[in-house]
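Undergrad: Submitted below is the structure of interest, expressed as structure tokens.
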Amino acid sequence: MTFLTYLFWLALGLVFYTYIGYGLVVWVWAKLVTKFRPTPALAPFEPEVTLVVPAYNEAYILDAKIANCLALNYPADKLRFLFITDGSTDNSGQV
3 MTFLTYLFWL
13 ALGLVFYTYI
23 GYGLVVWVWA
33 KLVTKFRPTP
43 ALAPFEPEVT
53 LVVPAYNEAY
63 ILDAKIANCL
73 ALNYPADKLR
83 FLFITDGSTD
93 NSGQV
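If you count by this note's numbering, then the sequence shown holds residues 3 to 97, one letter each, in order.
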């Protein structure tokens with residue numbers, strides 16, 4: 003074989019590796035890594051959450067919204083509520 007034939011096959015191999023071969027290598031490597039080193043089981047994590055409720059002139063529905071927020075299925079020690087009623091002309095702030 004001549005030098006140009008070797009160069010052709012080398013270039014063709016590089017193109018093949020670029021478009022197909024690298025993906026295959028990464029896929030096989032990922033399968034092998036997870037096979038020999040399983041991921042540890044994570045403990046359930048529940049972050050602290052603040053529920054922000056903006057309410058402008060919403061006094062007629064605010065009682066129902068507060069009841070709805072209190073009925074959430076989330077640990078009470080990790081849940082806070084923040085009701086914002088700036089500039090309301092009804093009694094939203096008193097609710």
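For glycine and all other residues, C-beta sits at the position ideal for the given N, C-alpha and C.
Quick one: is THR87 buried, meaning 16 or more other Cβ sit within 10 Å of its Cβ, or exposed?
TA: With 16 or more other Cβ atoms within 10 Å, it is buried.
Undergrad: Below 8 Å CB to CB, which residues in the same chain sit around LYS80 once its five sequence neighbours on both sides are set aside?
TA: If we look at LYS80 and ignore the five residues flanking it on each side, its Cβ neighbours are GLU48, PRO49, GLU50, VAL51.
Undergrad: Confirm, please, whether the CB-CB distance from LEU84 to CYS71 is below 8 Å.
TA: No, they are not a contact pair.
Undergrad: Can you name the start and end residues of the alpha helix (DSSP H) that ILE86 belongs to?
TA: Careful: ILE86 lies outside any alpha helix (DSSP H), inside the beta strand (DSSP E) at 81-86.
Undergrad: Considering only the alpha carbon of each residue, which of GLU60, LEU26, TYR76, GLY15 lies closest to THR91?
TA: That would be GLU60, whose Cα lies nearest to the Cα of THR91.
Undergrad: Closer than 7 Å by C-beta to TYR62: which residues in its own chain qualify, once you throw out the five before and the five after it? Chain order, please.
TA: So the list is empty, once near-sequence residues are dropped.
Undergrad: Quick check on DSSP: helix, strand or coil for LEU44?
TA: Coil, per DSSP.
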